[in-house]
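> First to last, the sequence lines map onto chains A and B. Numbering of the first sequence is given in the working numbering, commencing with residue 6 and proceeding in unit increments. Numbering of the second sequence is given in the working numbering, commencing with residue 32 and proceeding in unit increments. C-beta atoms are modelled at their ideal positions from N, C-alpha and C, and glycine is treated no differently.
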Amino acid sequence: MEAFLPVGFLLIFALLLCIGLFTVKRLLGPRNPVAAKLAVYECGVTPEGSARAPFKTAFYLIAVLFLLFDVEAAFFFPWALVYRESLAQGPALLIAMLVYMSLLVLGLVYIFRKDCLKLN
Amino acid sequence: MDAMDLIVTAVKTAIIYIGMVQVVPIMLIVERRGAALIQDRPGPNRVGPFGLFQPIADVIKMMMKEVTIPRQVNKALYLLGPFLVLFPASLVIAALPFGDFFTLFDKNYPIQVANIDVGILYVLAIGSLGIYGILFGGWASNNKFSLIGAMRSSSQIISYEIPLGLAACSAVVWYGSFSLREMVLTQEGTLFGMLPNWGIFYQPLGFLLFFIAAFAETNRLPFDLPESEAELVAGFHTEYGAMDFGTFFMAEYMNMATMSGLMVAMYFGGWHLPWVSDATLLQWLGSRNLLAALQVLTVVVKIAFFMLVFVWVRWTIPRFRFDQLMRLAWKNLIPIGLFNLVATALILYFKGAA
Chain A
6 MEAFLPVGFL LIFALLLCIG LFTVKRLLGP RNPVAAKLAV YECGVTPEGS ARAPFKTAFY
66 LIAVLFLLFD VEAAFFFPWA LVYRESLAQG PALLIAMLVY MSLLVLGLVY IFRKDCLKLN
Chain B
32 MDAMDLIVTA VKTAIIYIGM VQVVPIMLIV ERRGAALIQD RPGPNRVGPF GLFQPIADVI
92 KMMMKEVTIP RQVNKALYLL GPFLVLFPAS LVIAALPFGD FFTLFDKNYP IQVANIDVGI
152 LYVLAIGSLG IYGILFGGWA SNNKFSLIGA MRSSSQIISY EIPLGLAACS AVVWYGSFSL
212 REMVLTQEGT LFGMLPNWGI FYQPLGFLLF FIAAFAETNR LPFDLPESEA ELVAGFHTEY
272 GAMDFGTFFM AEYMNMATMS GLMVAMYFGG WHLPWVSDAT LLQWLGSRNL LAALQVLTVV
332 VKIAFFMLVF VWVRWTIPRF RFDQLMRLAW KNLIPIGLFN LVATALILYF KGAA
């Protein structure tokens with residue numbers, strides 16, 4: 006745990022920088038709010054409809070797929086750490102990884118075949 | 032750990048952090064002059080000698096600008112957004128190794144904010160938190176451009192996180208350690224007697240993946256879809272002005288520096304000079320602290336090189352289309368990353384068996 010102590014220092018410095026930036030911009034900047042200045046920026050055109058418009062389902066799909074693949078990739082990390090040392094005891098870990106990897110690749114092929122990544 | 036250690040650690044952390052923040056003004060001028068150089072125009076050359084004081088003028092201007100909070104925004108999240116990007120960008124530098132160690136009062140201190148043994152995991156974990164700031168800022172702006180920019184940004188960053196993670200995973204398999212420091216330590220010496228013993232010669236594919244994903248993670252051209260000004264005005268920071276905009280900018284440059292630092296540590300030998308071992312250097316220089324200074328200089332030069340590559344690529348390669356970007360990540364980079372992982376494991380296996 007002691008190794009993480011300096012991260013605490015860094016946390017404090019980063020917080021100081023953020024607070025500093027926030028106060029400096031507050032103190033130095035002039036304040037002259039005009040209705041036109043505070044309007045939605047849409048290149049001078051009057052805004053049409055709400056900005057909280059529905060977005061494409063593809064973005065949601067990507068988020069879900071990311072969740073799956075990132076969790077799967079996260080499982081590789083503990084394996085990666087011990088793999089080198091485990092080689093002395095034969096290829097057990099290599100085979101385990103290949104089996105797991107083939108499942109992952111199967112999933113990847115499935116999402117390609119289903120065309121989940123259609124964004125255009 | 033006594034009080035002295037605490038003070039030294041705090042001062043060391045402060046120095047490294049201030050140094051990393053200095054990347055921002057330096058990159059402001061380097062990027063603008065670099066762009067000018069590539070586009071064959073003079074660039075900013077009026078403020079101070081060769082325009083070197085331009086970043087100071089830029090920063091002062093940004094701070095003196097009016098703070099506008101548009102009427103339609105969700106105020107709390109809008110104000111929080113930029114800082115939620117800057118904060119993780121500041122924290123990730125903790126794991127970057129800048130040198131072996133320096134000696135002070137007969138004690139050795141690593142030239143690194145925190146010598147964490149899960150370094151690469153820490154960087155991946157904290158680094159990906161920045162996405163929240165972009166998403167909050169874009170959503171809270173209540174502007175169509177911002178929302179689309181934030182959507183694109185989040186899907187891009189999460190998509191490229193997978194190849195980035197896979198490349199890092201292959202490196203972990205190769206070095207057998209999560210610690211960036213240990214990775215650098217194993218890269219000393221030469222390979223076949225002529226090449227420096229750097230990670231890039233063992234993990235060329237991994238480096239390429241990491242390199243490409245680094246561009247996408249930092250929202251740099253050719254992958255700056257979140258802020259592609261031709262389509263989305265300024266993407267997720269359309270409604271931001273003054274120092275809020277500057278904060279996003281700072282975070283971007285600091286992320287670039289971190290990514291460069293990671294590439295240097297994992298693939299380009301960290302603080303090692305090619306063909307010269309640390310022991311020889313120590314003999315020449317005679318002092319441990321002089322060697323430490325040289326190591327820091329080496330790392331800084333290597334990082335500076337990658338920062339220049341970032342600028343160079345930005346003004347050389349045109350922007351991708353969004354569906355091309357996604358296809359590149361999912362159909363090319365992820366399979367290549369998986370392949371690289373299997374190949375690394377197999378090579379290690381057969382190398383060990385032989």
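State the start and end residues of the unbroken beta strand (DSSP E) segment that holds B/K175.
Element bounds for B/K175: not the beta strand (DSSP E) but the alpha helix (DSSP H), 175-206.
> With 16 as the cutoff for other CB atoms within 10 Å, does A/V114 come out buried or exposed?
Exposed: under 16 other Cβ atoms inside 10 Å.
> Taking the alpha carbon of B/F381 as the point to measure from, which residue in A/V110, A/R118, A/A93, A/A63 has its own alpha carbon closest?
Ranking A/V110, A/R118, A/A93, A/A63 by Cα distance to B/F381 puts A/A93 first.
> At which residues does the alpha helix (DSSP H) containing B/K43 begin and terminate?
Element bounds for B/K43: 34-52.
> Kindly indicate which residue of B/V61, B/A41, B/F118 has the alpha-carbon position closest to the one of B/L339.
Per the Cα distances, B/V61.
> Give every residue of the same chain whose Cβ lies closer than 7 Å to the Cβ of B/C200, excluding the five residues on either side of it in the sequence, and list them in chain order.
Here the set comprises L372.
> Can you find the residues in the same chain that come closer than 7 Å, C-beta to C-beta, to B/E283, ignoring five residues on each side of it along the sequence?
Closer than 7 Å at the Cβ level, and outside the excluded window around B/E283, lie T249, N250.
> Just the Cα atoms here: how many angstroms apart are B/F118 and A/A19?
Going by the C-alpha atoms only, they are around 6 Å apart.
> According to DSSP, is B/L293 part of a helix, a strand, or is it coil?
Helix.
> Looking at the structure shown, is A/L108 part of a helix, part of a strand, or coil, going by DSSP?
DSSP places A/L108 in helix when its eight states are reduced to three.
> Mind pulling the chain A residues with CB within less than 8 Å of B/E192?
By Cβ distance, chain A contributes F71, D75.
> Could you tell me which residues DSSP pairs with B/F132 in its beta bridges?
DSSP lists B/P141 as partners of B/F132.
> If contact means a Cβ-Cβ distance below 8 Å, which residues of the segment 339-365 of chain B contact chain A?
Cβ contacts with chain A: R352, F353, D354, M357, R358, W361, K362, I365.
> Using the C-alpha atoms, what's the distance from B/L152 back to B/P141?
Rounded to the nearest angstrom, the two C-alpha atoms are 19 Å apart.
> Does the beta carbon of A/Y88 come closer than 8 Å to any beta carbon on chain B?
By this cut-off, A/Y88 is an interface position.
> Check whether chain B comes within 8 Å of A/Y115, counting only Cβ atoms and requiring the distance to be less than that.
Chain B, which has no Cβ nearer than 8 Å to the Cβ of A/Y115, makes this no.
> One question on the structure: do B/M63 and B/G79 come within less than 8 Å of each other, judged by their Cβ atoms?
Looking at the sequence shown, residue 63 of chain B is not Met but Arg. Cβ distance not < 8 Å, so B/R63 and B/G79 don't count as in contact.
> What does DSSP give as the partner residue(s) for B/L226 in the beta ladder?
DSSP lists B/L222 as partners of B/L226.
> What residues of chain B sit near A/Y46, judged by a beta carbon separation below 8 Å?
Simply P101, N174, F176, V264, T269, E270.
> Enumerate, from N- to C-terminal direction, the unbroken alpha helix (DSSP H) stretches of 4 or more residues contained entirely within the segment 47-124 of chain B.
Those alpha helix (DSSP H) runs which fall completely within the segment 47-124 of chain B and span 4+ residues are 54-69, 85-95, 106-122.
> Tell me the rounded alpha-carbon separation between B/G150 and B/R77.
B/G150 and B/R77: Cα-Cα distance of roughly 43 Å.
> If you run the structure through DSSP and keep just helix, strand and coil, what is B/A374?
Helix.
> Taking the continuous alpha helix (DSSP H) assigned at A/C121, which residues delimit it?
No alpha helix (DSSP H) contains A/C121, which DSSP labels as neither H nor E.
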